[in-house]
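Numbering (the UniProt record's numbering), first residue to last: 1 to 535.
Rendered as structure tokens:
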């Protein structure tokens, strides 16, 4: 008996659906309980127009070709090379593509897919679309408030949010703004928040487009472990994935391998290795099964690189492209003639039943479970928080610019009174140090201190005393630090020889390194305006 850690033996994960809610399919637009998604001979053609003016051409590209399969509660993975096929299949099943290009049947529990399926299923896009300026909890609350029926009480909604936060290990960062972690490159937090916004609705089917993209191995394993936990609750999790380590792959229940819009394999993931081995493909026991499958679909890329024949790299890649097309056709035909495919057809045909000629061709609808005024109130509340954070950030930006640029005038404190100072000092009115300190305390401090207080009071509207003084001292130190350079220049004997524009340029570089990378377009326009005003 092989060890459970041996890639040659892929263990079956036990599921416990005993605590699942009952099935209610009386309403075709209501999707509750377990959901089995089946697709029958689906094809998808995309109409593409060229962008040439006055000579536009329209062509039709076949993205998917006669694909059939079934996906049950559990982890259903879609894998394939980087040709877009896996994302196209996922999006078509999730009703995220124009239905006019679709042919074939997609059924849910043996019934036509509802027109509002996009609203009754969860979907996590590859590019996270969470609002960065509000907290993790507020993003999830927004999704729950608008996507859960009004019959769900506030306490029940809060309970669901707390459960999702705990499930995704977000409870400790629930009150952290996503924007803060975004600046630090926190892809993980945004990904978890995106998934949480879909889980809180408790839809029976959840689609995820490459949920591990941009994540390291540890975070990827953690995200997949969350998907495993929710699939054990009875949800049908369908996701596309580029690469999967063996520690992740062994938890897949169903595996679909697609390339060039065709299916290379569809069935239990535990049987995929034996399927390809029985077809004559040699498997190294130290190899990852997922990598082994992709290498076969890609046309044996490693075999081409290992050849001892000399030749140009371009010839090798040309050979790879030709071989990959041949392998794709071969694998698709091999699967269509396999006993695995015949068994699947035997299971699919009864599901299709009377729907064979009744493919749901209705126009897809966007339906909402909450009334207009409820949606308006939550949108105003949610968007106002985004506006408030953006306004505060903008005020801080302008204040930083204001304090820095106005510091250029500090050099005038000594230039204007230079002749009077020389006369009075020579005549014995005072020494240099009393004059210097008096100049600073009487003119420089009020010029920098009073604006710091006024702007801090205007910008900082909260009652946090500690935060108020922290901001005040930070701005005050910024003002005094920015005044040091022009002040030292103005105290010199040949201050007139230093053009003011050089001081401005110096501050431009300071702003560029500090905030220019966060607001590049505004920064460039500000630089141009400042230089034009000085020149």
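A virtual CB, placed ideally from N, CA and C, is assigned to each residue, including glycine.
Three or more Cβ pairs closer than 8 Å define a contact, and the segment 158-172 falls short of that threshold against the segment 110-121.
Separation of residue 452 and residue 397 (C-alpha to C-alpha, rounded to the nearest whole angstrom) is 14 Å. In the structure shown, the three-state DSSP call for residue 40 is strand.
In the DSSP secondary-structure assignment, residue 206 is bridged to 122, 237. DSSP places residue 254 in the uninterrupted beta strand (DSSP E) bounded by 254-259.
Residue 328 is a Cβ neighbour of residue 260, given a cutoff of 7 Å. Going by beta carbons, residue 226 and residue 168 fall inside the 7 Å limit.
Counting C-beta atoms within 10 angstroms of its own C-beta, residue 204 has 16 or more neighbours from the protein chains shown and is therefore classed as buried. Residue 243 sits in coil when the DSSP states are folded into three classes, being neither helix nor strand. For residue 378 and residue 256, the gap between their C-alpha atoms comes out near 40 Å.
Contact between the segment 193-213 and the segment 90-106 is present: three or more C-beta pairs spanning the two stretches fall below 8 Å. The shortest C-alpha to C-alpha distance from residue 108 to any of 37, 98, 143 is the one to 37. Across the structure, residue 399 and residue 133 are spaced so that their CA atoms are roughly 20 Å apart. In the DSSP assignment, residue 264 falls outside any alpha helix (DSSP H) and lies within the beta strand (DSSP E) extending over 262-268. Separation of residue 250 and residue 401 (C-alpha to C-alpha, rounded to the nearest whole angstrom) is 55 Å. Measuring C-alpha to C-alpha distances from residue 448 to each of 474, 425, 434, 112 identifies 474 as the nearest. With respect to the 7 Å criterion, residue 223 and residue 200 are not classified as neighbours on the basis of their beta carbons.
Closest in C-alpha terms to residue 215, from the list 343, 69, 192, comes 192. Rounded to the nearest whole angstrom, the CA to CA distance from residue 365 to residue 457 is 49 Å. One Cα belongs to residue 278, the other to residue 385, and the distance between them is close to 59 Å.
The three-state secondary structure of residue 350, taken from DSSP, is helix.
Apart from the 5 residues on each side of it in sequence, residue 252 sits with its Cβ closer than 7 Å to the Cβ of 75, 77, 269 in its chain, given in chain order.
Sixteen is the threshold: when 16 or more other Cβ atoms of the shown chains lie within 10 Å of the Cβ of residue 42, as they do, the residue is buried.
When only Cα atoms are considered, residue 343 and residue 275 end up about 14 Å apart. CA-to-CA, the gap between residue 81 and residue 233 works out to about 31 Å.
Non-local C-beta neighbours of residue 281 in its own chain, meaning closer than 7 Å and more than five positions away in sequence, comprise 296, ordered along the chain. Across the structure, residue 476 and residue 440 are spaced so that their CA atoms are roughly 15 Å apart. If you compare the alpha carbons of 101, 49, 57 with that of residue 64, the shortest gap goes to 101. In chain order, 267, 275 place their CB closer than 7 Å to the CB of residue 340, counting only its own chain and leaving out the 5 sequence neighbours on each side.
DSSP places residue 104 within a strand segment (E or B) once states are collapsed to three. Non-local beta-carbon contacts of residue 71 in its own chain, meaning distances under 7 Å to residues more than five positions away in sequence, involve 37, 236, 238, 254 in chain order.
Residue nearest to residue 347 within the set 283, 110, 60 is 110 (criterion: CA-CA distance). Distances from the alpha-carbon of residue 126 to those of 177, 139, 87 put 87 closest.
The C-alpha of residue 353 lies about 11 Å from the C-alpha of residue 112. Taking 3 residues as the shortest admissible run, the segment 132-159 contains no complete beta strand (DSSP E) segment at all. In the structure shown, the three-state DSSP call for residue 479 is helix.
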